Amino acid sequence: MYRHTSKTQKTYCKLYSKVNYASAQYDQGDVLAKRIPELRRVIEITDYDNGIPTTHTLKLYKNNRIDCYRVIVDGKLWKERIGWSNILAGIRKALPRLSREG
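Take the sequence shown: its position 56, counted from the start at 1, is 86 in the numbering used here, and no numbers get skipped.
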């Protein structure tokens with residue numbers, strides 16, 4: 031265990047009291063940001079590759095974890111809990127590129 035001088039302890043106490051005061055001020059003004067709507071994002075993808083435009087709708091709803099969503103694709107549940115980067119990876123894999131006509 032490290033030994034602290036009384037001067038160091040006083041400095042720590044001052045710093046921690048400033049941090050606690052600043053965080054308390056931040057929490058009071060941030061009441062509206064804590065109310066997250068149920069439907070967080072909507073992604074619409076229109077695919078023109080087949081000659082007929084096909085539109086897919088992804089609705090991202092809030093979940094019990096931070097930065098995770100419950101995803102519904104065209105009215106059907108895709109994933110109960112998935113992160114943003116995995117959503118983008120799933121879209122990338124579901125819509126592969128077409129080969130170049132040459």
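By construction, the Cβ of each residue, glycine as well, lies at the ideal position given by its N, Cα and C atoms. Keep in mind the model is a prediction, meaning the values are calculated, not measured.
Go to residue i, then tell me how far its alpha helix (DSSP H) extends in each direction, as first and last residue.
| i | result |
| --- | --- |
| Tyr120 | Looking at the sequence provided, one finds Gly at residue 120 rather than Tyr. Where Gly120 is concerned, the enclosing alpha helix (DSSP H) stretches over Trp114 to Ala124. |
Report the rounded CA-to-CA distance for residue i versus residue j, giving the unit in angstroms.
| i | j | result |
| --- | --- | --- |
| His34 | Ser47 | 18 Å |
| Arg65 | Val72 | 18 Å |
| Ile96 | Asp104 | 24 Å |
| Glu68 | Gly81 | 35 Å |
| Ala119 | Gly113 | 10 Å |
| Leu128 | Asp79 | 8 Å |
| Gln39 | Asn50 | 16 Å |
Given that a residue counts as buried once 16 or more other Cβ atoms are within 10 Å of its Cβ, and exposed if not, what is residue i?
| i | result |
| --- | --- |
| Tyr99 | buried |
| Ile75 | exposed |
Name, in chain order, the residues that DSSP records as bridge partners for residue i.
| i | result |
| --- | --- |
| Thr84 | Asp77 |
| Lys106 | Val103 |
| Leu45 | For Leu45, which the question treats as bridged, DSSP gives no partner whatsoever. |
Can you tell me where the beta strand (DSSP E) with residue i in it begins and where it stops?
| i | result |
| --- | --- |
| Arg100 | Cys98 to Val103 |
Please return the same chain residues whose Cβ sits closer than 7 Å to the Cβ of residue i, not counting the five positions on each side in sequence.
| i | result |
| --- | --- |
| Asn93 | Tyr99, Arg100 and Arg111 |
Just to confirm my understanding: we take residue i, look at its own chain, exclude 5 residues before and 5 after, and list those with CB closer than 8 Å. What are they?
| i | result |
| --- | --- |
| Asp77 | Pro83, Thr84, Thr85, His86 and Leu125 |
| Arg70 | Leu90, Tyr91, Lys92 and Tyr99 |
| Leu107 | Arg100 and Val101 |
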